[in-house]
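The working numbering applies: residue 1 is where the sequence shown begins, and numbers increase by one.
Note that the Cβ used here is the ideal one computed from N, Cα and C, for glycine as well.
This structure is a prediction, so every number in the text was calculated from the model and none was measured.
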Amino acid sequence: MQKSYDYIILGAGCAGLSLLMRMIDSAQFADKRILLIDKTPKTKNDRTWCFWEKEKGFFEKIVYRKWDGLVFRSDNYSSLLDIFPYQYKMIRGIDFYNHCFNEINKQVNVDIIYDEINSFDSSVIQLTNQSIKVGQAMVFNSLYQPAEKKEDKFYLLQHFKGWIVQADKNTFNPDVATLMDFRVQQDYGTTFVYTLPLNEREALVEYTLFTESLLNNQQYEEELKNYVRDFLKIDSFKVIDEEFGIIPMTNEDFSFSSNGVFHIGTAGGQTKASTGYTFQFIQKQAKAIVDALLQQQDLSTLSFFPKRFQFYDSTLLRLLAKGELGGKEIFTRLFKANKAEQVFKFLDNETNLGEEIKIMSTLQIGSFFKAGVKEFFR
Ligand SMILES: Cc1cc2nc3c(=O)[nH]c(=O)nc-3n(C[C@H](O)[C@H](O)[C@H](O)COP(=O)(O)OP(=O)(O)OC[C@H]3O[C@@H](n4cnc5c(N)ncnc54)[C@H](O)[C@@H]3O)c2cc1C
Numbered sequence: 001m002q003k004s005y006d007y008i009i010l011g012a013g014c015a016g017l018s019l020l021m022r023m024i025d026s027a028q029f030a031d032k033r034i035l036l037i038d039k040t041p042k043t044k045n046d047r048t049w050c051f052w053e054k055e056k057g058f059f060e061k062i063v064y065r066k067w068d069g070l071v072f073r074s075d076n077y078s079s080l081l082d083i084f085p086y087q088y089k090m091i092r093g094i095d096f097y098n099h100c101f102n103e104i105n106k107q108v109n110v111d112i113i114y115d116e117i118n119s120f121d122s123s124v125i126q127l128t129n130q131s132i133k134v135g136q137a138m139v140f141n142s143l144y145q146p147a148e149k150k151e152d153k154f155y156l157l158q159h160f161k162g163w164i165v166q167a168d169k170n171t172f173n174p175d176v177a178t179l180m181d182f183r184v185q186q187d188y189g190t191t192f193v194y195t196l197p198l199n200e201r202e203a204l205v206e207y208t209l210f211t212e213s214l215l216n217n218q219q220y221e222e223e224l225k226n227y228v229r230d231f232l233k234i235d236s237f238k239v240i241d242e243e244f245g246i247i248p249m250t251n252e253d254f255s256f257s258s259n260g261v262f263h264i265g266t267a268g269g270q271t272k273a274s275t276g277y278t279f280q281f282i283q284k285q286a287k288a289i290v291d292a293l294l295q296q297q298d299l300s301t302l303s304f305f306p307k308r309f310q311f312y313d314s315t316l317l318r319l320l321a322k323g324e325l326g327g328k329e330i331f332t333r334l335f336k337a338n339k340a341e342q343v344f345k346f347l348d349n350e351t352n353l354g355e356e357i358k359i360m361s362t363l364q365i366g367s368f369f370k371a372g373v374k375e376f377f378r
């Protein structure tokens, strides 16, 4: 007979593992039976997460690098941003997975199944090799399935190719990372490069676009090569690792709760539509869920940030998607006219209305206002 579970988590990625780790950490779920399902064990360093944070975070132990200094560059404005009280942090995917599974494997109340999930609802989870009856379990889903495109929504992709570049001599300042360098050609649409030094000789250099379609591999590599040569001024280097990723940037409607299933992570709308940043939103969501469970609060009443931030994201996405104001202009204006601390707070959905009005007034007000009106009446 199949075991019964209290919680079933679909997907052992960032959101599924963050939620489970918080449950384990609280020690209040030790008597609950939990099932985690993913298609394969997490054995690859398949992504690198970067994010800004003020205090020590829940995953502080596995932060691989952090920087107090961040540079922003554009044609007519470059600055070493004062990001205090934030630090910019990097966690490698493989460290995250190993850290989580070291802990999860010690828990006698957690079962793991590796199998492809073909369908699920609040009564049954259909895997390739078996089906799981949900029974009384609460189901958390982190499998993102893009919805059918709607005419009044925007669908951009943040896509990037990154190289870990190893120079043949000391080249990088390990204390300072480049958050965005917009000096590159904007021919395809919003395009920038970020450079995260790992030590004096090695850095992750990531060529990033916010556009509707992908480039081919040769195009990313050509642009990376040009950037390393023309902007980093490195003639001789080796590529010792690489990364490719696609993050959906969309204002499609995401719901946390639907048909008796709770959606978490990107699947639950935790990817910020205007920037693609997700890691910290997942952390906030995981904490809010666990706090609510501990207080026996009805989860369907949870909301993770004020609705007005969706409106700002939709407005920014409209500007980007319609090419009414490129990302280069938007981010240059944001960082030129505001303290980085304020920009980060705004992008974290944590500012108050007064701060938001001030920040938005520093964008090209005409375009922003027009796009905002269109979004409002949409
Ligand atoms: C390369 C890359 C780099 C990124 N860098 C950053 C960053 O620097 N900062 C930031 O804030 N965000 C970043 N993101 C965005 C976001 O943080 C990540 O995508 C994050 O992993 C999202 O977490 P998630 O749990 O929603 O999805 P995932 O981490 O993708 O987890 C989903 C899980 O579901 C499993 N799964 C999917 N389909 C099935 C199926 N049919 N059956 C069984 N299992 C299945 C997958 O194997 C996976 O383990 C990045 C994304 C990528 C792709």
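Beta carbon of residue i, beta carbon of residue j: below 9 Å?
{"i": "residue 262", "j": "residue 14", "result": "no"}
{"i": "residue 245", "j": "residue 189", "result": "no"}
{"i": "residue 210", "j": "residue 276", "result": "yes"}
{"i": "residue 348", "j": "residue 52", "result": "yes"}
{"i": "residue 50", "j": "residue 21", "result": "no"}
{"i": "residue 242", "j": "residue 86", "result": "no"}
{"i": "residue 194", "j": "residue 208", "result": "yes"}
{"i": "residue 178", "j": "residue 71", "result": "yes"}
{"i": "residue 227", "j": "residue 205", "result": "yes"}
{"i": "residue 59", "j": "residue 99", "result": "yes"}
{"i": "residue 297", "j": "residue 291", "result": "yes"}
{"i": "residue 176", "j": "residue 67", "result": "yes"}
{"i": "residue 101", "j": "residue 32", "result": "no"}
{"i": "residue 136", "j": "residue 6", "result": "yes"}
{"i": "residue 77", "j": "residue 332", "result": "yes"}
Quick check: what's the CA-CA separation for residue i versus residue j?
{"i": "residue 180", "j": "residue 192", "result": "6 Å"}
{"i": "residue 224", "j": "residue 231", "result": "10 Å"}
{"i": "residue 154", "j": "residue 268", "result": "17 Å"}
{"i": "residue 11", "j": "residue 174", "result": "34 Å"}
{"i": "residue 46", "j": "residue 95", "result": "11 Å"}
{"i": "residue 323", "j": "residue 114", "result": "43 Å"}
{"i": "residue 160", "j": "residue 112", "result": "32 Å"}
{"i": "residue 73", "j": "residue 326", "result": "15 Å"}
{"i": "residue 271", "j": "residue 265", "result": "7 Å"}
{"i": "residue 122", "j": "residue 132", "result": "11 Å"}
{"i": "residue 39", "j": "residue 118", "result": "10 Å"}
{"i": "residue 79", "j": "residue 338", "result": "12 Å"}
{"i": "residue 236", "j": "residue 146", "result": "41 Å"}
{"i": "residue 307", "j": "residue 201", "result": "44 Å"}
{"i": "residue 109", "j": "residue 138", "result": "15 Å"}
{"i": "residue 361", "j": "residue 106", "result": "52 Å"}
{"i": "residue 35", "j": "residue 29", "result": "12 Å"}
{"i": "residue 359", "j": "residue 274", "result": "15 Å"}
{"i": "residue 352", "j": "residue 185", "result": "35 Å"}
{"i": "residue 329", "j": "residue 199", "result": "31 Å"}
{"i": "residue 48", "j": "residue 65", "result": "11 Å"}
{"i": "residue 25", "j": "residue 233", "result": "46 Å"}
{"i": "residue 334", "j": "residue 222", "result": "29 Å"}
{"i": "residue 2", "j": "residue 44", "result": "31 Å"}
When you measure from the CB of residue i to every non-hydrogen atom of ligand 1, does any distance come out below 8 Å?
{"i": "residue 251", "result": "no"}
{"i": "residue 142", "result": "yes"}
{"i": "residue 209", "result": "no"}
{"i": "residue 40", "result": "yes"}
{"i": "residue 10", "result": "yes"}
{"i": "residue 350", "result": "no"}
{"i": "residue 147", "result": "no"}
{"i": "residue 13", "result": "yes"}
{"i": "residue 69", "result": "no"}
{"i": "residue 379", "result": "A question about residue 379 goes unanswered here, because the residues of the chain that appear run from 1 up to 378."}
{"i": "residue 47", "result": "yes"}
{"i": "residue 270", "result": "yes"}
{"i": "residue 167", "result": "no"}
{"i": "residue 359", "result": "no"}
{"i": "residue 297", "result": "no"}
{"i": "residue 278", "result": "yes"}
Could you tell me if residue i is buried or exposed, where buried requires 16 or more neighbouring beta carbons within 10 angstroms of its beta carbon?
{"i": "residue 168", "result": "exposed"}
{"i": "residue 197", "result": "buried"}
{"i": "residue 286", "result": "buried"}
{"i": "residue 321", "result": "buried"}
{"i": "residue 256", "result": "buried"}
{"i": "residue 309", "result": "buried"}
{"i": "residue 251", "result": "buried"}
{"i": "residue 16", "result": "buried"}
{"i": "residue 344", "result": "buried"}
{"i": "residue 27", "result": "exposed"}
Looking only at C-alpha atoms, which of the options sits nearest to residue i?
{"i": "residue 134", "options": "78, 95, 74, 125", "result": "125"}
{"i": "residue 248", "options": "317, 307, 109, 8", "result": "317"}
{"i": "residue 57", "options": "281, 342, 338", "result": "281"}
{"i": "residue 305", "options": "44, 116, 288, 320", "result": "288"}
{"i": "residue 215", "options": "158, 66, 237, 226", "result": "158"}
{"i": "residue 93", "options": "143, 18, 84, 144", "result": "18"}
{"i": "residue 151", "options": "311, 258, 187, 253", "result": "253"}
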